[in-house]
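Asks: Before anything else, here's the structure in question.
4 protein chains.
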Amino acid sequence: MSQDQNIFVGGLVATTPRHIITADGLPITSFRLAASTQRFDRGSGKWVEETNWYTITAFKQLAINTSASVGKGDRVVVAGKLRVRDWDNGERAGTSVEIEAEMLGHDYSWGTGVFTRTTLVREVSDPEPTETASTELEPDLIELG
Amino acid sequence: MSQDQNIFVGGLVATTPRHIITADGLPITSFRLAASTQRFDRGSGKWVEETNWYTITAFKQLAINTSASVGKGDRVVVAGKLRVRDWDNGERAGTSVEIEAEMLGHDYSWGTGVFTRTTLVREVSDPEPTETASTELEPDLIELG
Amino acid sequence: MSQDQNIFVGGLVATTPRHIITADGLPITSFRLAASTQRFDRGSGKWVEETNWYTITAFKQLAINTSASVGKGDRVVVAGKLRVRDWDNGERAGTSVEIEAEMLGHDYSWGTGVFTRTTLVREVSDPEPTETASTELEPDLIELG
Amino acid sequence: MSQDQNIFVGGLVATTPRHIITADGLPITSFRLAASTQRFDRGSGKWVEETNWYTITAFKQLAINTSASVGKGDRVVVAGKLRVRDWDNGERAGTSVEIEAEMLGHDYSWGTGVFTRTTLVREVSDPEPTETASTELEPDLIELG
Numbered sequence: 001m002s003q004d005q006n007i008f009v010g011g012l013v014a015t016t017p018r019h020i021i022t023a024d025g026l027p028i029t030s031f032r033l034a035a036s037t038q039r040f041d042r043g044s045g046k047w048v049e050e051t052n053w054y055t056i057t058a059f060k061q062l063a064i065n066t067s068a069s070v071g072k073g074d075r076v077v078v079a080g081k082l083r084v085r086d087w088d089n090g091e092r093a094g095t096s097v098e099i100e101a102e103m104l105g106h107d108y109s110w111g112t113g114v115f116t117r118t119t120l121v122r123e124v125s126d127p128e129p130t131e132t133a134s135t136e137l138e139p140d141l142i143e144l145g
Numbered sequence: 001m002s003q004d005q006n007i008f009v010g011g012l013v014a015t016t017p018r019h020i021i022t023a024d025g026l027p028i029t030s031f032r033l034a035a036s037t038q039r040f041d042r043g044s045g046k047w048v049e050e051t052n053w054y055t056i057t058a059f060k061q062l063a064i065n066t067s068a069s070v071g072k073g074d075r076v077v078v079a080g081k082l083r084v085r086d087w088d089n090g091e092r093a094g095t096s097v098e099i100e101a102e103m104l105g106h107d108y109s110w111g112t113g114v115f116t117r118t119t120l121v122r123e124v125s126d127p128e129p130t131e132t133a134s135t136e137l138e139p140d141l142i143e144l145g
Numbered sequence: 001m002s003q004d005q006n007i008f009v010g011g012l013v014a015t016t017p018r019h020i021i022t023a024d025g026l027p028i029t030s031f032r033l034a035a036s037t038q039r040f041d042r043g044s045g046k047w048v049e050e051t052n053w054y055t056i057t058a059f060k061q062l063a064i065n066t067s068a069s070v071g072k073g074d075r076v077v078v079a080g081k082l083r084v085r086d087w088d089n090g091e092r093a094g095t096s097v098e099i100e101a102e103m104l105g106h107d108y109s110w111g112t113g114v115f116t117r118t119t120l121v122r123e124v125s126d127p128e129p130t131e132t133a134s135t136e137l138e139p140d141l142i143e144l145g
Numbered sequence: 001m002s003q004d005q006n007i008f009v010g011g012l013v014a015t016t017p018r019h020i021i022t023a024d025g026l027p028i029t030s031f032r033l034a035a036s037t038q039r040f041d042r043g044s045g046k047w048v049e050e051t052n053w054y055t056i057t058a059f060k061q062l063a064i065n066t067s068a069s070v071g072k073g074d075r076v077v078v079a080g081k082l083r084v085r086d087w088d089n090g091e092r093a094g095t096s097v098e099i100e101a102e103m104l105g106h107d108y109s110w111g112t113g114v115f116t117r118t119t120l121v122r123e124v125s126d127p128e129p130t131e132t133a134s135t136e137l138e139p140d141l142i143e144l145g
């Protein structure tokens, strides 16, 4: 049994996105995201604000475009797969909470944007068979309901 | 019993976003979104591509910024509440599938963007108590994990 | 570009689930689900309750077990893929909103349940490669964090 | 800015659910959930199975019914709010990943169930105004589409 544990969050980019290219030529961009939530505290009977912290990671074309577009302090929306991992480097151990981004953009609740399209066909960041055969709709031919 | 039926989708903006301001002064922006999915067809034993059509509606600051930023043919990501409504205008009847957007941006899988922040504190588009008391994190003061 | 448009909803089973087996031997169970939401009506300034209607469809083992377990009037939770389809049978036309269920169970917010496990390894209802290689965790061997 | 970071996951109940009632009379049930996912490993070029671990917490009626219905080794589906928390007890520090359940049931992909309804109106586990005014639909009066 397995499933994609998809999640979407909006939040504040809390670190300058770090862009690397691996020895194999894979572009990767990552940053920390602070996503605020509110929770009803049963003890005090009040709403309290809390923050979930995520490490956001993007690959390939999304990594390149994110690196060119997103900076620290920006407000973004991210959709992707949640990964919770325990790690142990011998000296210390912990848990990391990561979202492997599939879609990512600025949140226009907070500002305006100018978009420049760089790809006609999406270079999929994840080699699932469900994404390889996709074709793009031709906007001018779309019949509206 | 009630719940928010939250959904997020990525897709192609298929109509020029229409921006209006109601008599009460409420800004509203709406457009049609074509969101492709793939489905395994049990009859043919093949993956087929299908498209879900949504009417996206944004209010207030998000409506203003979306109108200023998003055009027909763009690739966007939208998070919001799904509403399925049966309608009947006497002559015809049908079902509309609408997403009331809470977050919306261009999808950087498809291009790059330049973002200009217009608000320091989000003007909430939905008057839920869970959103009114929010304060913004100060990026420079954020302690990273 | 394509993505799974995953959704989860809780609601009331509004029709007696209908169970069929196709000529090819595929078990299918379907029913209508009424899922209530609340919406802030900007005109009246009040919260109003509305209902989203979905057709829920399950296949294979999930279809068999759902048919054996779920009745009209029950409260259930469903996770699956959203499909919005326009149809036209020559005489009439309309839009159907369907969820192809991947997981489905009673919602214990509303009652208690007695569960009888019928499968040791999940018979996947969708032949995605991401689900075929799965192995089941051995509960007694799980190391807890 | 704040939002509910809703998530739904299916998985294996890895610990016997622990049921307590606080001094204030609040019922709480919690357990650990192992949720398998598959990830494409770019290094090896293969799909690998990984497991996300969550602490599931239910309150009030859902806590009572979950405690009466769910055991270690069961397969369940959970919808709720994700909370990522850093903790530090002086001696050790870490990160916990918790889902505050809003809906929870057995997953009928894996077995059958017998459901006994205990409440006519849902006792909401979270005092949001969006949930207090709800009324239940009368199944027999529902008009089907």
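Protein chains in written order, with the numbering used here: chain A, 1 to 145; chain B, 1 to 145; chain C, 1 to 145; chain D, 1 to 145.
All C-beta atoms, glycine included, are put in the ideal place defined by N, C-alpha and C.
1) Could you compute how far the alpha carbon of threonine 55 (chain B) sits from the alpha carbon of tryptophan 47 (chain D)?
2) In three-state terms, what does DSSP make of alanine 89 (chain B)?
3) With distance defined between alpha-carbon atoms, name the residue in C:Ala34, C:Glu50, C:Lys72 nearest to aspartate 41 (chain C).
4) Would you report the Cα separation of isoleucine 64 (chain D) and histidine 19 (chain D), rounded to the nearest angstrom?
5) Residues of the segment 69-92 of chain D in Cβ contact with chain C at a cutoff of 9 Å, in chain order, please.
6) Alanine 63 (chain C) by DSSP, collapsed to three states: which one?
7) If the criterion is Cβ atoms closer than 8 Å, does the pair leucine 104 (chain A) and leucine 62 (chain A) meet it?
8) Run through DSSP, which three-state label would serine 69 (chain B) get?
9) With respect to the beta strand (DSSP E) encompassing leucine 12 (chain B), which residues constitute its N-terminal and C-terminal limits?
10) Would you please verify whether the beta carbon of isoleucine 7 (chain C) is less than 8 Å from any beta carbon of chain B?
11) So for threonine 116 (chain A), helix, strand or coil by DSSP?
12) In the DSSP assignment, the beta strand (DSSP E) including alanine 23 (chain B) goes from what residue to what residue?
13) Could you tell me if alanine 133 (chain B) is buried or exposed, where buried requires 16 or more neighbouring beta carbons within 10 angstroms of its beta carbon?
14) CA-CA distance, alanine 58 (chain D) and glutamate 102 (chain D)?
15) Apart from the five residues on each side of it in sequence, which residues of its chain come closer than 6 Å, Cβ to Cβ, to glycine 80 (chain A)?
16) May I have the straight-line CA-CA distance separating tyrosine 108 (chain A) from asparagine 6 (chain C), to the nearest angstrom?
17) Rounded C-beta distance between glycine 111 (chain A) and threonine 29 (chain B)? I'm assuming under 8 Å.
18) Determine which residues share a DSSP beta bridge with glutamate 102 (chain D) and list them.
19) I want to see whether chain C comes within less than 8 Å of threonine 66 (chain D), judged by CB atoms only; does it?
20) Near glycine 71 (chain B), what residues of its chain come up, given a Cβ to Cβ distance below 8 Å and the 5 sequence neighbours on each side ignored?
21) Using the three-state DSSP reduction, which class does aspartate 41 (chain B) fall into: helix, strand or coil?
22) Identify whether serine 109 (chain C) lies in helix, strand or coil by the three-state DSSP scheme.
23) Say whether chain B places a C-beta atom closer than 8 Å to the C-beta of histidine 19 (chain A).
24) Chain B partners of glycine 45 (chain A), CB-CB under 7 Å?
25) Check the Cβ of leucine 26 (chain A) against every Cβ in chain B and list those closer than 7 Å, keeping chain order.
26) If phenylalanine 31 (chain A) sits next to glycine 113 (chain B), beta carbons under 8 Å apart, how far is it from one beta carbon to the other, in whole angstroms?
27) Cβ closer than 9 Å: which chain D residues qualify as neighbours of glutamate 102 (chain A)?
28) Suppose contacts are defined by Cβ-Cβ distances below 8 Å. Is glycine 25 (chain A) in contact with valine 77 (chain A) by that definition?
29) Would you please state the rounded distance, in angstroms, between the beta carbons of arginine 83 (chain D) and threonine 95 (chain D)? I believe it to be under 8 Å.
30) How would you call alanine 93 (chain A), buried or exposed, if buried means at least 16 neighbouring beta carbons within 10 angstroms?
31) Report the option in B:Asp88, B:Arg39, B:His106, B:Gly90 whose CA atom is closest to the CA atom of arginine 75 (chain A).
Replies: A quick look at the data gives this:
1) 36 Å
2) This sequence places asparagine at residue 89 (chain B); alanine is not what is there. Residue state, collapsed to three classes: coil.
3) C:Glu50
4) Straight through space, the alpha carbons of histidine 19 (chain D) and isoleucine 64 (chain D) are spaced by roughly 8 Å.
5) Shown in chain order are the members of the segment 69-92 of chain D whose Cβ falls below 9 Å from a Cβ of chain C: Ser69, Val70, Gly71, Lys72, Gly73, Asp74, Arg75, Val76, Val77, Val78, Ala79.
6) helix
7) yes
8) helix
9) That run of the beta strand (DSSP E) goes 6-13.
10) yes
11) strand
12) It is not in any beta strand (DSSP E) - alanine 23 (chain B) carries neither H nor E in the DSSP assignment.
13) For alanine 133 (chain B), the pLDDT reaches just 31, beneath the cut-off of 50, and the residue's location in the model is therefore unreliable, leaving the point undetermined.
14) 7 Å
15) Ile99, Glu100, Ala101, Glu102
16) 23 Å
17) 15 Å between Cβ atoms; not a contact.
18) Partner(s): none; glutamate 102 (chain D) has no beta bridge.
19) Interface flag for threonine 66 (chain D) against chain C is set, since a Cβ pair is found closer than 8 Å.
20) So the list reads Val13, Thr16, Pro17, once near-sequence residues are dropped.
21) strand
22) coil
23) no
24) Those within 7 Å of glycine 45 (chain A) in chain B number zero; the least Cβ separation is about 13 Å.
25) By Cβ distance, chain B contributes nothing, its closest Cβ being about 16 Å from leucine 26 (chain A), past 7 Å.
26) Contact flag wrong, Cβ pair sits at about 16 Å.
27) Those within 9 Å of glutamate 102 (chain A) in chain D number zero; the least Cβ separation is about 12 Å.
28) no
29) That belief does not hold up - the Cβ atoms of arginine 83 (chain D) and threonine 95 (chain D) are roughly 11 Å apart, past 8 Å.
30) Exposed: under 16 other Cβ atoms inside 10 Å.
31) B:His106
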